[in-house]
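Residue numbers (this note's numbering): 776 to 1038.
Glycine residues also receive a C-beta, built at the ideal position from the N, C-alpha and C atoms.
Only a predicted model underlies this, so the values are computations on that prediction, with no experimental measurement involved.
Comments concern the structure below.
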């Protein structure tokens, strides 16, 4: 597929997806959503890809929905934003959140609206110190979408999530890290080097076990302790039968670096 709104490449086992409309702060269009989903198809089906890194081109990560595509027409016709979410954002964010490889977001600038929630759907979020996260929806009478009402309270608690959503307050990277919204803030000029290294490091780790870890964390909030313990036992059985486990134990006993395959 020829990409026009993103770039996509694979290096050292890590896929690099860059939102690529820098003149529009990488605001999301229907074309961009389709291209992201196509890239996720590749990540899901190519066994050589064992991690995904997402960032934005230019000075921003993503400013959210391109409102030029969802404006009220001069004749007063209202766009069906529910269909936009149901048919566009929801399938994409579901796949990203549950992707069976570790995901990293490198937030290089403003992450607003859907852009913020795309980043927060990733497993590990790094942000440049100059970056900001804004749940901007309430400024135009909308609710957080792209999983925002699901992910944000889990990260920072309901009280903070409600306040940030209702007031549309920008959160600087360091503050986001302090409140547990993201993993950490890093110097602007070292963001991409650190993110690339992290992506490649994850790609070399036992990614089957990482995928199971992600699944276990995702359902832990709704499970009872006994349900979660039973799930851990089942997943531990699966992980224990994996080639990665056998390789990890052999490497430990032989005092060498393991060579994981993600299987």
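Just the Cα atoms here: how many angstroms apart are residue i and residue j?
i            : j            : result
residue 1013 : residue 776  : 35 angstroms
residue 974  : residue 814  : 16 angstroms
residue 803  : residue 889  : 8 angstroms
residue 936  : residue 929  : 9 angstroms
residue 892  : residue 921  : 6 angstroms
residue 924  : residue 1038 : 34 angstroms
residue 942  : residue 976  : 38 angstroms
residue 1003 : residue 1016 : 20 angstroms
residue 1001 : residue 984  : 21 angstroms
residue 822  : residue 981  : 13 angstroms
residue 843  : residue 834  : 20 angstroms
Taking C-beta to C-beta, are residue i and residue j nearer than 8 angstroms?
i           : j           : result
residue 794 : residue 826 : no
residue 824 : residue 818 : yes
residue 887 : residue 909 : yes
residue 940 : residue 919 : yes
residue 858 : residue 800 : no
residue 884 : residue 903 : yes
residue 828 : residue 986 : no
residue 851 : residue 808 : no
residue 791 : residue 784 : yes
Where does residue i sit, in a helix, a strand or coil, going by DSSP?
i           : result
residue 829 : strand
residue 840 : strand
residue 786 : strand
residue 976 : helix
residue 874 : coil
residue 868 : helix
residue 851 : coil
residue 989 : helix
residue 960 : strand
residue 824 : coil
residue 835 : strand
residue 793 : strand
residue 799 : helix
Between residue i and chain D, is there a C-beta pair that is closer than 8 angstroms?
i            : result
residue 1015 : Going by chain labels, chain D is absent from the structure shown, which holds only one protein chain.
Inter-stretch contact (C-beta, 8 angstroms, three-pair minimum) for the region 990-998 and the region 953-973
no
Contact between the region 1022-1034 and the region 1000-1012 is defined here as three or more beta-carbon pairs at a separation below 8 angstroms; is this criterion met?
no
Counting only runs of 3+ residues fully inside the region 881-938, write out the beta strand (DSSP E) ranges in chain order.
885-887, 899-903, 907-909
Taking contact to mean 3 or more Cβ pairs, one atom from each stretch, closer than 8 angstroms, check whether the region 870-884 and the region 893-905 are in contact.
yes
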